[in-house]
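Q:
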Amino acid sequence: MADDIYEVFAITYARHDRNAAANFIGGDPHDGPMPLNYYVWVIRNAARTIVVDTGFDRRGAEKRGRELLRPLPEALEALGIDQASVADVVITHMHYDHCGNDGLFPNARFHLQDAEIAFATGRCMCHEQMRHAYELDDVLAMVRRVFHGRVCFHQGTSEPFPGIELHHVGGHARGLQSLRVKTGRGFVCLASDAAHHYAHLETRRVFPTCLRATTRSPASPARLLTSCRGTIPWWPASILRHCRVPRHGSCGSMRVPSAQAR
Ligand SMILES: [Zn+2]
Ligand SMILES: [Zn+2]
């Protein structure tokens, strides 16, 4: 396999049962079950293994009332990944479900957008509505990594590894970034929270955690939607539709088929 071609794995590590109304600003007129699953991604080939996001641990799950399906160390072990040998972790944004499990990758560099750590340590965190999705300990852990020279900052679009691009999207969190990954069957977009469900893209509705709700941030819901709408046709193999979501109570890792155009 070429140096810039990867396999992508989705690790479903937690779940939250909720109704659709909780997933959209303004609720949902057909308010039925619409659970959220929580993922960590692994991108790998013979040359490198990249972990995308670090999830939360059991304590984090209990604090937020989420069901932990499988602790991340176990799931990584099942994929044959030695945590200490992971050299690079991409953090899509620093919300509690993407940036926890401090210490899991003791030798890794963390790849983060400038805008995200500025947001998570700046004036917006004075507001409960803005900081509720962040955990102070996770933010402190990231600052500590900065001081230890373990954070690689990105601004906008970059290609830190052959075949793996980072794209600043914003909207849901100021420094939210999505990934575009080259696979044997085309590009896969790891949208992260730029699109929780396909319904957000297809009906142009917005997940409730969104900056414009309480601030004058330029990363507005309109921008989020514009970004997503522009993104998906360009990244034809968007991942969500092609992952079978495990049934309640089950968990595991699945190889993501990099499908053709939607
Ligand atoms: Zn988020
Ligand atoms: Zn999230």
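Following the numbering used here, the numbering of the sequence shown begins with 121 at its first residue and continues without gaps. Built from N, CA and C at the ideal position, the CB exists for glycine as well. Only a predicted model underlies this, so the values are computations on that prediction, with no experimental measurement involved.
Three or more beta-carbon pairs under 8 Å between the stretch 186-194 and the stretch 134-152, yes or no?
A: Judged by Cβ distances under 8 Å, the stretch 186-194 makes contact with the stretch 134-152, as three or more pairs qualify.
Q: Using the three-state DSSP reduction, which class does G306 fall into: helix, strand or coil?
A: Correct three-state label for G306: strand.
Q: Is it the case that the CB of D177 approaches a heavy atom of ligand 2 more closely than 7 Å?
A: Flag unset: Cβ of D177 not near ligand 2.
Q: Can you give me the C-alpha to C-alpha distance between D148 and D202, rounded to a whole angstrom?
A: Cα to Cα, the separation comes out at about 43 Å.
Q: Enumerate in chain order the residues of its own chain whose CB-to-CB distance from A253 is below 7 Å, with the five nearest sequence positions on each side excluded.
A: Once the five neighbours on either side are set aside, the close Cβ partners of A253 are H215, Y216 and T329.
Q: Looking at D258 and ligand 2, is the gap between the Cβ and the nearest heavy atom below 7 Å?
A: No.
Q: Please list the terminal residues of the continuous beta strand (DSSP E) segment that includes R178.
A: Element bounds for R178: not the beta strand (DSSP E) but the alpha helix (DSSP H), R178 to R184.
Q: Tell me the rounded alpha-carbon separation between T346 and R264.
A: In this prediction, T346 has a pLDDT of 41, which is less than 50 and means its spatial position is unreliable; what the coordinates show is noted afterwards. T346 and R264: Cα-Cα distance of roughly 35 Å.
Q: Pull the bridge partners of L299 from the DSSP assignment, please.
A: In the DSSP output, where bridge partners are listed per residue, L299 has L286 and L310.
Q: Less than 8 Å between the CB atoms is what I'm expecting for D258 and C219, so what's the real figure, rounded?
A: The pair is a contact, with the Cβ atoms about 5 Å apart (cut-off 8 Å).
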